[in-house]
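Those protein sequences? They're chains A and B, same order as listed. Just so you know, the numbering used here puts 179 at position 8 of the first sequence, and the rest follows in order with no gaps. Just so you know, the numbering used here puts 370 at position 199 of the second sequence, and the rest follows in order with no gaps. Yeah, the Cβ is synthetic: ideal placement off N, Cα and C, and Gly gets one too. Owing to the predicted nature of the structure, the values given are computational and were not obtained by experimental measurement.
There are 2 protein chains.
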Amino acid sequence: MATSLPVAAVAVDLVILTLRGEDLCTLVVRRGIPPFEGRWALPGGFVLPDEDLVEAATRELGEETGLSARRIHLEQLATYGTPDRDPRGRVVSVAYLALAPDLPVPVAGSDASGATWLPVGPSHEPLAFDHERILHDGVERARSKLEYTSLGTAFCAPEFTIAELRRVYEVVWGVSLDPRNFHRKVTTTAGFVAPTGAKTARDGGRPAQLFRTGEAVTLSPPLLRPGHHRA
Amino acid sequence: MATSLPVAAVAVDLVILTLRGEDLCTLVVRRGIPPFEGRWALPGGFVLPDEDLVEAATRELGEETGLSARRIHLEQLATYGTPDRDPRGRVVSVAYLALAPDLPVPVAGSDASGATWLPVGPSHEPLAFDHERILHDGVERARSKLEYTSLGTAFCAPEFTIAELRRVYEVVWGVSLDPRNFHRKVTTTAGFVAPTGAKTARDGGRPAQLFRTGEAVTLSPPLLRPGHHRA
DNA sequence: TCAAAAGTGTTGAACATACACCCATGT
DNA sequence: ACATGGGTGTATGTTCAACACTTTTGA
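(1) Is any beta-carbon of chain A found at less than 9 Å from that of residue 247 (chain B)?
(2) Can you check whether the CB of residue 288 (chain B) is closer than 9 Å to the CB of residue 191 (chain B)?
(3) For the region 300 to 381 of chain A, list the alpha helix (DSSP H) runs that are entirely contained and at least 4 residues long, ordered along the chain.
(4) Since residue 269 (chain A) and residue 305 (chain A) are thought to touch, with beta carbons under 8 Å apart, how far apart are those beta carbons, to the nearest angstrom?
(5) At which residues does the alpha helix (DSSP H) containing residue 225 (chain B) begin and terminate?
(6) Kindly indicate the opening and closing residues of the beta strand (DSSP E) around residue 217 (chain A).
(7) Could you tell me the alpha carbon to alpha carbon distance between residue 198 (chain A) and residue 188 (chain A), rounded to whole angstroms?
(8) Between which residues of its own chain and residue 301 (chain A) is the CB-CB distance below 8 Å, once the five residues before and five after are set aside?
(9) Does residue 296 (chain A) pass the burial test, meaning 16 or more other C-beta atoms within 10 Å, or should it be called exposed?
(10) Given this structure, state the Cα-to-Cα distance separating residue 315 (chain A) from residue 325 (chain B), to the nearest angstrom.
(11) Would you list the residues sitting across from residue 187 (chain B) in a DSSP beta bridge?
(12) Whose Cβ in chain B lies nearer than 8 Å to the Cβ of residue 223 (chain A)?
(13) Assign residue 174 (chain A) to one of three DSSP states: helix, strand, or coil.
(14) Can you pull the chain B residues whose beta carbon is under 9 Å from the beta carbon of residue 355 (chain A), in chain order?
(15) I want to see whether chain B comes within less than 9 Å of residue 265 (chain A), judged by CB atoms only; does it?
(16) Just to confirm before moving on: does the CB-CB distance between residue 332 (chain B) and residue 379 (chain B) stay below 9 Å?
(17) Would you verify that the beta carbon of residue 369 (chain B) is, or is not, closer than 9 Å to some beta carbon of chain A?
(18) Using the three-state DSSP reduction, which class does residue 202 (chain B) fall into: helix, strand or coil?
(19) May I ask you to list the residues that DSSP assigns as paired with residue 264 (chain A)?
(20) Could you name the residues of the same chain whose beta carbon sits closer than 7 Å to that of residue 337 (chain B), not counting the 5 residues immediately before and after it, in chain order?
(21) Hey, would you say residue 392 (chain B) sits closer than 9 Å to residue 396 (chain A), going by beta carbons?
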């Protein structure tokens, strides 16, 4: 290719969402070098010369969480390429969205002096670059996908109870759902969840059946109708 | 930025969808130069050094259709960056999806020896590069968005009748909808369409009210419940 | 007067929310 | 026994697909 063609550095950035306690959290790393030194940023890095985009995202995900991408839902979110978004030069960043079950405290990446789970909310300290916007888009995508797909199971451990799955929706949407109707809804929707046969009493009370993620399912009508649930 | 950072050319490609007769069509240009010389390809081009991505897409849209991006819905679709997707070198392409009303026959772009509206179907000659996949993703996105947003109006002229809007859904989804229930649904959904007060009899029979696009609306439940309609 | 398309009214079925009620376990 | 959460049954209200019917034009 001629050098006259316009070029840019291509990066991937990750919005990795998980549930911790009562909060929806995203993984952030402390920047150890300028620009934005000392600020939190989404994990990410440059795409290698012979690497596919999703490969680069998978690699970064593994480096940051220490886990293989198996079991972790990963999808392309959007691409951000405003000319001045990175003071070092033209960087086009392809953002990926990952949904993960509650993971151990992350290990620090090589170019970051620390990593943590940041609760997503109206008031966290602003992220570096345009990562605030990327995070916002990622959370919106997750909320929206939970509404009309069976993706909520991506936030759960390999085996989970219906109550644990329900908590996912309650935290992500900030609503309170009726346990009985929720149970009926997800267990009667073909392909949403698959019973393992096992039971657990880890949540107290009567032991609950354990389920695995079913096939990916599109819901019509959606699981939740906005405005029909208690905040 | 140091030259040691990985670089790629960044392009935008456009999936421009419109309705012509009974077909959903996409704009394609005949490639005048290698690679893939003589094959149909999606319109697109490289992003200029100081240009935002959406700016580049808007510019290409204007060059190809001769129309300003006003009135034409444009949204980012996805980004394609497999290392070998372009034989000339590493090209990362950000695809945009445009939905347009029936436009005049397009003008040929500067680097293309012809342009036409290609009916989207199971059997058209395959497009250049990975554009077949991009087109597929674009059509899927359009189908999906019609289901749970009021975006169908983007396929209509500035003023349209409910019957014309209904035809959009029937063609895009390949179904047959009840005119009376469809009418009720879109006219009673707040913000979907806004009456202009005018009437037209251009479709024959009793004159129909004319409407304009309303605010963008998210539908819950969706406009169509799969499996509830005739093919 | 007839054909064609717009638009309204109505009804039976499907579905969702709310909640009464019973089940199975730990303490 | 009782507290805790799991899970089923059921009534009441809403929404929807189907279609009978009226309205308004052109031929």
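Put simply:
(1) Judged by the 9 Å Cβ criterion, residue 247 (chain B) is in contact with chain A.
(2) At the C-beta level, residue 191 (chain B) and residue 288 (chain B) come within 9 Å of one another.
(3) Complete alpha helix (DSSP H) runs here, min 4: 302 to 319, 333 to 344, 350 to 359.
(4) Contact flag wrong, Cβ pair sits at about 13 Å.
(5) Its alpha helix (DSSP H) spans residues 224 to 236.
(6) Going by DSSP, residue 217 (chain A) is part of the beta strand (DSSP E) stretching over 215 to 217.
(7) So the two alpha carbons sit approximately 7 Å from each other.
(8) Once the five neighbours on either side are set aside, the close Cβ partners of residue 301 (chain A) are 251, 253, 256.
(9) By the 10 Å Cβ count, residue 296 (chain A) comes out exposed.
(10) Going from the Cα of residue 315 (chain A) to the Cα of residue 325 (chain B) covers about 22 Å.
(11) DSSP output for residue 187 (chain B) lists B:269 as bridge partner(s).
(12) By Cβ distance, chain B contributes 252, 253, 254.
(13) With a pLDDT of 43 at residue 174 (chain A), under the threshold of 50, the modelled position of that residue is not reliable, and the figure given next carries that caveat. DSSP places residue 174 (chain A) in the coil class of the three-state scheme, outside both helix and strand.
(14) Per Cβ cutoff of 9 Å: no residues; residue 355 (chain A) is ~18 Å from chain B at best.
(15) Closer than 9 Å: yes.
(16) Their beta carbons are under 9 Å apart, which means residue 332 (chain B) touches residue 379 (chain B) by this criterion.
(17) Against chain A, the CB of residue 369 (chain B) has no partner CB under 9 Å away; the residue lies outside that interface.
(18) Residue 202 (chain B): strand per DSSP, three-state reduction.
(19) Answer by DSSP bridge pairing, in chain order: A:182, A:251.
(20) Correct list, in chain order: 348, 350, 353.
(21) Their beta carbons are under 9 Å apart, which means residue 392 (chain B) touches residue 396 (chain A) by this criterion.
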